[in-house]
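Protein chains: 4
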Amino acid sequence: MYSVFESEVSIRPDDIDMNNHVHNTKYLDYVLAARYEQMVRDYKMPMEEFHNLDYNWFVSATYIEYKRALMLGDKIIVKTQISSVNGAQSKVNFWIVKKENEKIVAEGYLIYTMVLLKSGRPVRIPDEIIKKYSV
Amino acid sequence: MYSVFESEVSIRPDDIDMNNHVHNTKYLDYVLAARYEQMVRDYKMPMEEFHNLDYNWFVSATYIEYKRALMLGDKIIVKTQISSVNGAQSKVNFWIVKKENEKIVAEGYLIYTMVLLKSGRPVRIPDEIIKKYSV
Amino acid sequence: MYSVFESEVSIRPDDIDMNNHVHNTKYLDYVLAARYEQMVRDYKMPMEEFHNLDYNWFVSATYIEYKRALMLGDKIIVKTQISSVNGAQSKVNFWIVKKENEKIVAEGYLIYTMVLLKSGRPVRIPDEIIKKYSV
Amino acid sequence: MYSVFESEVSIRPDDIDMNNHVHNTKYLDYVLAARYEQMVRDYKMPMEEFHNLDYNWFVSATYIEYKRALMLGDKIIVKTQISSVNGAQSKVNFWIVKKENEKIVAEGYLIYTMVLLKSGRPVRIPDEIIKKYSV
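Chains as they are written, first to last, in numbering that gives the first Met the number 0: chain A, 0 to 134; chain B, 0 to 134; chain C, 0 to 134; chain D, 0 to 134.
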């Protein structure tokens with residue numbers, strides 16, 4: 000029902016930690032970067048447009064499973080897909096894969112809550128937003 | 000069965016993101032910082048001792064639920080407790096609470112896998128390590 | 000003329016990079032953290048108070064010399080001292096030293112420019128701010 | 000004498016700080032990312048090749064001047080040029096420019112010291128490395 004969108008994200012040297020691979024929390028920053036690109040390119044509704052309507056998205060929960068270590072020099076694609084929209088919340092599944100062979104490096108989901116920008120209070124995701132996201 | 004250990008972790012200005020609160024992935028770095036302190040102070044086995052025995056810990060999975068936003072200036076305590084040890088894996092529950100009122104800011108768990116430092120291959124957690132952790 | 004203020008800053012595991020020591024840009028984040036603490040504790044004028052007056056501080060230039068590597072587990076003190084105040088700009092010298100022996104790990108300076116919060120335009124540092132800073 | 004090399008570097012949402020623009024220390028991480036790409040693509044000598052020869056590069060000093068704020072969505076090019084090579088040290092000038100109009104966002108230099116990987120001790124940059132870098 001909801002499309003899978005893909006973004007290439009670059010690994011930077013400052014993402015590498017003492018284990019000589021990408022630091023575990025950076026994977027989630029890669030997913031965030033992919034979602035931002037996809038908001039602009041695929042949903043045609045960048046974050047500023049949400050802000051202009053007094054909306055904001057907060058992360059309410061994250062789950063991630065690490066399958067393979069990422070090294071500096073690896074090329075990755077972040078795939079995301081909305082799994083469900085319910086009240087103020089939207090669940091987004093993600094997969095980080097190696098560009099060369101599509102092998103899954105990590106996978107998981109994020110639960111986003113729509114809040115009012117000024118108050119920070121949760122608000123039901125409006126139908127026109129759901130429609131925008133139903134591509 | 001396993002003790003709850005506590006560490007105070009400081010919030011830095013560079014942890015704050017465009018939403019003017021602590022960036023969501025930094026919460027997990029606070030948990031990591033707490034675990035490192037607790038390895039030294041509470042388990043009496045710092046990471047270097049694992050490395051000397053050719054062992055290392057990798058994060059295999061993370062789950063976190065965000066309950067409240069953290070602001071610059073907030074004081075926090077990270078509490079962790081081993082939930083189970085099984086084969087090569089150890090599950091650690093965590094709670095980030097405000098120091099002033101013990102209100103839960105975020106909670107979740109991490110699944111760590113013990114690997115051989117050189118090969119990166121998983122290895123059964125040895126009994127003497129389990130014993131060290133059973134405090 | 001201007002006092003030297005000191006802050007202890009904690010090194011976190013996520014600050015360590017592939018060279019197994021503190022990543023070079025993190026030293027500057029430690030200085031920023033020290034300045035924030037000192038604004039509250041020593042100058043009695045936290046950043047929010049500047050914001051309330053429609054002021055903000057931007058970093059206009061940074062110089063840092065690295066003398067020694069910092070490791071996870073090292074305890075550090077960040078010392079800062081205003082060197083000069085001129086028009087919209089303030090130059091702040093800093094020294095990062097090891098807590099145990101006061102050996103200098105890094106030193107340098109930051110040039111801050113006072114700007115109007117809303118417009119981002121530089122503004123002459125008002126006399127009452129200079130007075131606050133002349134402790 | 001030394002060529003100017005260019006790399007495009009992406010701005011990620013987690014690079015944005017409480018001022019709603021790119022955090023000041025991230026500019027230096029962008030320069031580091033550009034240098035890594037240029038080591039592989041332009042000097043044909045990636046960091047691993049240095050490591051294999053028991054060499055490593057440490058940052059000994061950094062100077063940066065900030066001219067314009069960078070926003071999420073901005074496209075940037077990092078230009079670098081070796082300025083001098085002297086004993087164990089190499090000075091590298093850099094300019095971060097906006098892709099659309101070549102306007103300078105920040106500029107400065109880094110002083111790198113060649114060290115032995117195992118001991119961390121400075122070592123005279125060998126002639127064959129200088130030759131590699133003289134492109």
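Note that CB positions come from ideal geometry on N, CA and C, so glycine has one too.
Please say whether Lys78 of chain C and Glu7 of chain C have beta carbons closer to each other than 7 angstroms?
-> Within the third sequence, numbered from 1, the residue matching residue 7 of chain C stands at position 8. Within the third sequence, numbered from 1, the residue matching residue 78 of chain C stands at position 79. The answer is no: Cβ separation not under 7 angstroms.
Can a CB atom of chain C be found closer than 7 angstroms to the CB of Asn51 of chain A?
-> Against the first sequence, residue 51 of chain A aligns to sequence position 52. Chain C, which has no Cβ nearer than 7 angstroms to the Cβ of Asn51 of chain A, makes this no.
May I ask you to list, following chain order, the residues of the segment 9 to 41 of chain A that have a beta carbon less than 8 angstroms from some beta carbon of chain C?
-> Pro12, Asp13, Ile15, Asp16, Met17, Asn19, His22 and Thr24
By a C-beta neighbour count over all protein chains shown, 10 Å radius and 16 as the cutoff for buried, is Ser89 of chain B buried or exposed?
-> For this step, residue 89 of chain B is matched to residue 90 along the second sequence. Buried, since its Cβ has 16 or more Cβ neighbours within 10 Å.
Using a C-beta cutoff of 7 angstroms, does Ile95 of chain A count as contacting chain B?
-> For the purposes of this step, residue 95 of chain A is taken as the residue at position 96 of the first sequence. Not one chain B Cβ lies under 7 angstroms of Ile95 of chain A.
Beta strand (DSSP E) segment containing Ile17 of chain A, residue limits | Position 18 of the first sequence, counting from 1, holds the residue named residue 17 of chain A. It is worth fixing the name first, because residue 17 of chain A is Met in this sequence and not Ile. No beta strand (DSSP E) contains Met17 of chain A, which DSSP labels as neither H nor E.
Report the residue from A:Glu106, A:Ser2, A:Val84 and A:Ile75 whose alpha carbon sits nearest the alpha carbon of Val122 of chain A.
-> For this step, residue 122 of chain A is matched to residue 123 along the first sequence. It is A:Val84 whose Cα lies nearest to the Cα of Val122 of chain A.
Give a yes or no on whether the C-beta atoms belonging to Met113 of chain D and Tyr54 of chain D are separated by under 7 angstroms.
-> Locating residue 113 of chain D in the fourth sequence gives position 114, where the first residue counts as 1. Locating residue 54 of chain D in the fourth sequence gives position 55, where the first residue counts as 1. Contact: yes.
Can you tell me where the alpha helix (DSSP H) with Ala32 of chain B in it begins and where it stops?
-> As a working note, residue 32 of chain B is residue 33 in the second sequence. Ala32 of chain B -> alpha helix (DSSP H) spans Lys25 to Arg40.
Work out the CA separation of Arg67 of chain D and Met38 of chain A for me, nearest whole Å.
-> Numbered from its first residue, the first sequence carries residue 38 of chain A at position 39. Numbered from its first residue, the fourth sequence carries residue 67 of chain D at position 68. Between the alpha carbons of Met38 of chain A and Arg67 of chain D lies a gap of roughly 26 angstroms.
Lys25 of chain B burial status per 10 Å Cβ neighbour count (16 or more: buried) | As a position in the second sequence, residue 25 of chain B is number 26, starting the count at 1. Answer is buried; the Cβ neighbour count reaches 16.
So, helix, strand or coil for Met46 of chain D, using DSSP?
-> Taking the fourth sequence and counting its residues from 1, the one referred to as residue 46 of chain D is at position 47. DSSP places Met46 of chain D in helix when its eight states are reduced to three.
Straight-line gap, Asn19 of chain B to Met70 of chain B (C-alpha atoms, nearest Å) = By 1-based counting over the second sequence, the position of residue 19 of chain B is 20. By 1-based counting over the second sequence, the position of residue 70 of chain B is 71. Roughly 7 angstroms between the two C-alpha positions.
Looking at the unbroken alpha helix (DSSP H) that takes in Lys130 of chain C, where does it start and where does it end?
-> By one-based count along the third sequence, residue 130 of chain C stands at place 131. Counting along the chain, the alpha helix (DSSP H) containing Lys130 of chain C begins and ends at Asp126 to Tyr132.
Using a Cβ-Cβ cut-off of 7 angstroms, state whether Trp58 of chain D counts as contacting chain C.
-> Reading the fourth sequence from its first residue, position 59 is the one you call residue 58 of chain D. Looking at the sequence shown, residue 58 of chain D is not Trp but Val. Chain C, which has a Cβ nearer than 7 angstroms to the Cβ of Val58 of chain D, makes this yes.
Beta-carbon neighbours of Tyr62 of chain C, restricted to chain D and to distances below 9 angstroms = Numbered from its first residue, the third sequence carries residue 62 of chain C at position 63. Within chain D, the residues near Tyr62 of chain C are Ala60, Thr61, Tyr62, Ile63 and Gly107.
Which stretch, first to last residue, makes up the beta strand (DSSP E) that contains Ile100 of chain D?
-> Along the fourth sequence, one-based indexing puts residue 100 of chain D at 101. The residue asked about is misnamed: residue 100 of chain D is Asn in this sequence, not Ile. Taken as a continuous stretch (DSSP letters only), Asn100 of chain D belongs to no beta strand (DSSP E), as it is neither H nor E.
When the Cα of Val3 of chain D is compared with those of D:Glu127, D:Glu48, D:Asn100 and D:Arg40, which residue comes out closest?
-> Locating residue 3 of chain D in the fourth sequence gives position 4, where the first residue counts as 1. Ranking D:Glu127, D:Glu48, D:Asn100 and D:Arg40 by Cα distance to Val3 of chain D puts D:Arg40 first.
Member of A:Phe49, A:Ala32, A:Tyr29 and A:Pro12 whose CA lies at the smallest distance from the CA of Tyr132 of chain A | Position 133 of the first sequence, counted from the start, is the residue given in the question as residue 132 of chain A. If we check each option's Cα against that of Tyr132 of chain A, A:Phe49 comes out closest.
State the CB to CB distance for the pair Ser82 of chain A and Tyr108 of chain A, rounded to an integer number of angstroms; the pair is presumed to be in contact (CB under 8 angstroms).
-> Against the first sequence, residue 82 of chain A aligns to sequence position 83. Against the first sequence, residue 108 of chain A aligns to sequence position 109. 7 angstroms between Cβ atoms; contact.
Pick out whichever of B:Leu31, B:Trp94 and B:Asp13 has its Cα sitting closest to the Cα of Arg11 of chain C.
-> By one-based count along the third sequence, residue 11 of chain C stands at place 12. Measuring from the Cα of Arg11 of chain C, the nearest candidate turns out to be B:Leu31.
Please check the pair Leu97 of chain A and Ile75 of chain A, which I expect to be a contact at CB under 8 angstroms, by giving their CB distance rounded to whole angstroms.
-> Translated into the one-based positions of the first sequence, residue 97 of chain A becomes position 98. Translated into the one-based positions of the first sequence, residue 75 of chain A becomes position 76. Per the sequence shown, residue 97 of chain A should be read as Lys rather than Leu. Contact holds; Cβ gap of about 6 angstroms.
Please determine, among C:Asp126, C:Met44 and C:Gly72, the residue with the shortest C-alpha to C-alpha distance to Pro45 of chain B.
-> Locating residue 45 of chain B in the second sequence gives position 46, where the first residue counts as 1. Nearest option by C-alpha distance: C:Gly72.
Any idea if Val219 of chain A is buried or exposed, counting beta-carbon neighbours within 10 angstroms, 16 or more meaning buried?
-> Lying outside 0 to 134, the shown extent of chain A, residue 219 of chain A is not represented and no answer is given.
So the beta strand (DSSP E) Val77 of chain D belongs to, where does it begin and stop?
-> Along the fourth sequence, one-based indexing puts residue 77 of chain D at 78. Ile75 to Asn85 is the span of the beta strand (DSSP E), which, as asked, contains Val77 of chain D.
Closer than 8 angstroms by beta-carbon distance: list the chain B residues that pair up with Asn55 of chain A, in chain order.
-> In the first sequence, counting from the first residue as 1, residue 55 of chain A sits at position 56. Those are Asn18, listed as they occur along chain B.
Could you check which residue in C:Tyr111, C:Trp94 and C:Ser118 has the C-alpha nearest to that of Val104 of chain C?
-> For the purposes of this step, residue 104 of chain C is identified with residue 105 of the third sequence, where counting begins at 1. Ranking C:Tyr111, C:Trp94 and C:Ser118 by Cα distance to Val104 of chain C puts C:Trp94 first.
Own chain residues within Cβ distance below 6 angstroms of Gln80 of chain A, not counting five before or after | Residue 80 of chain A sits at position 81 when you count from the first residue of the first sequence. Tyr1, Val3 and Asn92, listed in sequence order.
In angstroms, rounded to a whole number, what distance separates the CA positions of Lys130 of chain A and Gly119 of chain D?
-> Reading the first sequence from its first residue, position 131 is the one you call residue 130 of chain A. Reading the fourth sequence from its first residue, position 120 is the one you call residue 119 of chain D. Answer to the nearest angstrom: the Cα atoms are 58 angstroms apart.
From what residue to what residue does the beta strand (DSSP E) around Tyr62 of chain A run?
-> As a working mapping, residue 62 of chain A is identified with position 63 in the first sequence. Taken as a continuous stretch (DSSP letters only), the beta strand (DSSP E) holding Tyr62 of chain A covers Tyr54 to Tyr65.
Opening and closing residue of the beta strand (DSSP E) in which Ser6 of chain B lies = Locating residue 6 of chain B in the second sequence gives position 7, where the first residue counts as 1. Val3 to Val8 is the extent of the beta strand (DSSP E) around Ser6 of chain B.
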